[in-house]
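Enquirer:
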Amino acid sequence: MKMHSVLPLLIVFIVALLSKNNLLGAAAAIVFFLYLMRLDRFFPLIQTRGLEAGLLFLTISLMIPFVTGQITLKNLVSALLSPVGILSVVGGLLGAYLNSQGLELVAVEPSILPGILIGVMLSVSFFGGVSVGPIMAAGITALLIRLLIR
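To convert, take the position in the sequence shown, counting from 1, and add 48; that gives my numbering.
1) Buried or exposed: which applies to T116, given that a residue is buried once 16 or more other Cβ atoms fall within 10 Å of its Cβ?
2) Would the segment 167–179 and the segment 141–153 be scored as touching if the rule is three or more Cβ pairs under 8 Å?
3) Closer than 8 Å by C-beta to M184: which residues in its own chain qualify, once you throw out the five before and the five after it? Chain order, please.
4) Looking at the secondary structure, which residues open and close the alpha helix (DSSP H) in which N147 lies?
5) CB-CB under 8 Å to V168, same chain, minus the five flanking residues each way: which ones, in chain order?
6) State the Cα-Cα distance for the pair M111 and L104, rounded to the nearest angstrom.
7) Between A75 and L192, what straight-line distance do the alpha-carbon atoms span, to the nearest angstrom?
8) Since I believe S53 is in contact with S173 (beta carbons under 8 Å), could you give me their beta-carbon distance rounded to a whole number of angstroms?
9) For I164, count neighbouring C-beta atoms within 10 Å of its own C-beta (all shown protein chains included) and say buried if the count is 16 or more, exposed if not.
10) Can you name the start and end residues of the alpha helix (DSSP H) that T16 belongs to?
11) Report yes if the CB atom of T189 is closer than 7 Å to the CB atom of I160, and no otherwise.
Encoded structure:
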C-alpha cells in the first residue's frame with residue numbers, strides 16, 4: 049500500500065471528523081476501505097456513475113412528499129403561481145445551469161476539488177453549511193472564474 053497516495057484521503061477524513069462533516073467523513077472512510085480491500089478496480093465505475101447514483105437518491109428523497117400527501121396537486125399549482133413559486137422555478141433553472149457548469153469545470157480542471165472540499169468543510173464547520181453542494185460550489189467557481197479571471 050502506498051501511504052503517500054492515501055495520505056490526502058486520511059487528512060480529509062480527519063478534518064471531516066473534526067469539523068463534524070459526517071457525509072464527507074463517511075465518503076472518505078468508504079473510499080479508504082475500498083482501497084484497503086483492494087477493490088480499487090471499482091473506482092472508475094464509482095467515479096463515473098457515483099454522481100448519478102447520488103443524484104438519483106437525492107431526487108427520490110425530493111419526490112417522497114408527493115406520495116405522502118405533503119404536496120398535493122392543488123398545493124403545487126398554487127405554489128408555482130405565487131411570487132415565491134415563480135422565483136423557485138428561476139432558482140431551479142439557475143441552480144441546474146450552475147451545476148452543469150460545475151460538472152464541466154471539474155471534468156477539465158479536477159485540481160479545483162481540494163479547494164472546493166476545503167470550502168465545504170469550512171462552511172460546515174463555521175457557518176452552518178450543509179455538505180450537499182460540491183458540484184454547485186464548482187459551478188459558482190466556474191462563474192467566478194468567468195467574471196474575475198477570463
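Every residue, glycine too, gets a C-beta built ideally from N, C-alpha and C. Keep in mind it's a predicted model, so treat the numbers as computed, not measured.
Expert: In short:
1) Here residue 116 corresponds to residue number 68 of the sequence shown, with the count starting at 1. Classified as exposed, T116 has fewer than 16 neighbouring CB atoms from the shown chains inside 10 Å of its CB.
2) Not touching, per the Cβ criterion.
3) As a working mapping, residue 184 is identified with position 136 in the sequence shown. Once the five neighbours on either side are set aside, the close Cβ partners of M184 are G143, L146, N147 and G150.
4) Mapped onto the sequence shown, residue 147 falls at position 99. Boundaries of the alpha helix (DSSP H) harbouring N147: P131 to V156, taken from the DSSP string.
5) Position 120 of the sequence shown holds residue 168. The answer, listed in chain order, is N69, L72, G177, S179, G181, P182 and A185.
6) As a position in the sequence shown, residue 111 is number 63, starting the count at 1. As a position in the sequence shown, residue 104 is number 56, starting the count at 1. Those two C-alpha atoms are separated by around 11 Å.
7) The residue given as residue 75 occupies position 27 in the sequence shown. The residue given as residue 192 occupies position 144 in the sequence shown. Straight-line spacing of the CA atoms in A75 and L192 works out to 27 Å.
8) Locating residue 173 in the sequence shown gives position 125, where the first residue counts as 1. Locating residue 53 in the sequence shown gives position 5, where the first residue counts as 1. Not quite, the Cβ-Cβ distance comes to about 26 Å (not below 8 Å), so this is no contact.
9) Here residue 164 is taken as the residue at index 116 of the sequence shown, counted from 1. I164 counts as buried, since at least 16 other C-beta atoms from the protein chains shown sit within 10 angstroms of its C-beta.
10) The first residue shown for the chain is 49 and the last is 198, placing residue 16 beyond what the model contains.
11) Within the sequence shown, numbered from 1, the residue matching residue 189 stands at position 141. Within the sequence shown, numbered from 1, the residue matching residue 160 stands at position 112. It is a contact, given that the beta carbons lie within the stated cut-off.
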